[in-house]
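Numbering (our numbering), first residue to last: 674 to 750.
One structure is given below, encoded as structure tokens.
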Amino acid sequence: MDLAKHFGAAVRRHRELLRLSQEELAHRAGLDRSYVGRIERGEQNATLESAQRLADGIGSDLDVIFATARDIARGQA
Numbered sequence: 674m675d676l677a678k679h680f681g682a683a684v685r686r687h688r689e690l691l692r693l694s695q696e697e698l699a700h701r702a703g704l705d706r707s708y709v710g711r712i713e714r715g716e717q718n719a720t721l722e723s724a725q726r727l728a729d730g731i732g733s734d735l736d737v738i739f740a741t742a743r744d745i746a747r748g749q750a
């Protein structure tokens with residue numbers, strides 16, 4: 674499983690459901706927009722701290738994002 678790819682896709686899915694831009698999510702999470710973009714594309718592994726900040730910015734629990742990533746990896750989402 675390519676965890677970075679699936680985690681990034683899960684972040685993107687949750688962000689888009691909220692109709693947030695990458696820039697707005699980055700602002701809410703206190704991260705750089707280009708960093709968020711690299712995470713969403715699976716080019717960058719998020720640190721645990723960054724993953725939690727993204728979840729907070731989305732207004733979700735981190736385990737929900739991981740569950741979405743798992744579903745994406747299994748082709749169920």
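We treat Cβ as the ideally placed atom computed from N, Cα and C, and that holds for glycine.
Item                                                                                                                      : Value
How about A699 and V709: do their beta carbons lie closer than 8 Å?                                                       : yes
From E696, K678, L676, L727, pick the residue whose C-alpha is nearest to that of H687; which is it?                      : L727
My guess is that H679 and I745 are in contact by the Cβ rule of under 8 Å, so how many angstroms apart are they, rounded? : 5 Å
Buried or exposed, going by whether 16 or more other CB atoms sit within 10 Å of the CB of T741?                          : buried
Just to confirm the assignment, what range does the alpha helix (DSSP H) spanning A746 have?                              : 735-746
If you reduce the DSSP assignment to three classes, tell me which class R692 lands in.                                    : coil
Quick check on E722: buried or exposed, where buried means 16 or more other Cβ atoms within 10 Å of its Cβ?               : exposed
What do you reckon, are the CB atoms on R706 and E696 nearer than 8 Å?                                                    : yes
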